[in-house]
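Read the structure below first, then the notes.
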Amino acid sequence: MKIVMMGVQGSGKGTQCKLLAGELKLPHISTGDLFRANITSGNELGKRARQYTDRGQLVPDEIVIDMVAERLKADDAKDGFLLDGFPRNAIQLAALEYISPVEQAVLLELDDATAIGRLAGRTECGKCGIIYGANRRPRAEGICDECGRPLRHRVDDKDVKAIKLRLEVYHSEIDVMVRYYQWKGVLRRVDASGGVEEVGQAVLEAIKE
Ligand code: AMP
């Protein structure tokens, strides 16, 4: 099944995609994660992307679309995928419908105040990719449960201006995706204000509808 997960930053897209990826045996493809991996490896794509990601701005469409198109060619994504963070605007939406039309679009609904609170309290493990926040606290403060490495705040989560800009960009662009997927009959709205398991259950039910 080809699924797109949408929602404001902090709504739990990454966490829910990771759970769902295990449940449905689908690859979790997060454009934010792909950019962060390229930035960490210091390659050309990472260098080009970094000037935008650090400020909370969208990376230009041609860069992100080529990156996603390349990723979707991989064997593991032939029969389905869970896309997280893409599409983010009308051009990306059109490109995705051209490359590999989606069958389900889940919208995690959360108000901005709760989202900002979650972002401020969120840390992640650079190695395991586990995200810690209100719903999952590390056993030892600042240390990853799985690998014991120190946790970090994402660069763009530390800067209030960058957070506000990301939310503004989200609200200005999301409507076109919601209206398109609604028209296509594949939009599933899920209340994302609950705990990880509760929301996970609601997502599973929504995509089985
Ligand atoms: P995320 O982890 O989804 O919040 O993404 C982190 C950052 O990566 C964003 O603030 C953007 O700078 C960049 N990014 C991720 N996905 C996209 C996309 N679909 N289009 C443009 N930029 C993106």
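The numbering used here applies: residue 1 is where the sequence shown begins, and numbers increase by one.
Here a beta-carbon is modelled for each residue, glycine too, at the ideal position from N, C-alpha and C.
- At a cut-off of 3 residues, the continuous stretches assigned as beta strand (DSSP E) that sit fully inside the stretch 80-168 are 81-84 and 104-109.
- Not a single heavy atom of the ligand AMP lies less than 6 Å from the C-beta of Phe-81.
- About 6 Å separates the beta carbon of Phe-35 from that of Thr-53, a gap short enough to meet the 8 Å contact definition.
- For Gln-57, the closest C-alpha among the options Lys-161, Met-67, Ile-91 and Val-186 is that of Lys-161.
- Straight across, the Cα-Cα distance linking Ile-91 with Asp-61 is about 7 Å.
- With the rule of 3 Cβ pairs closer than 8 Å, the stretch 141-149 does not count as touching the stretch 181-198.
- Going by DSSP, Asp-66 is part of the alpha helix (DSSP H) stretching over 61-72.
- Excluding sequence positions up to five before and after Ile-63, its CB lies within less than 8 Å of the CB of Leu-45, Arg-48 and Ala-49, all in the same chain and listed in chain order.
- For Arg-88, the shortest separation between its Cβ and any heavy atom of the ligand AMP lies below 6 Å.
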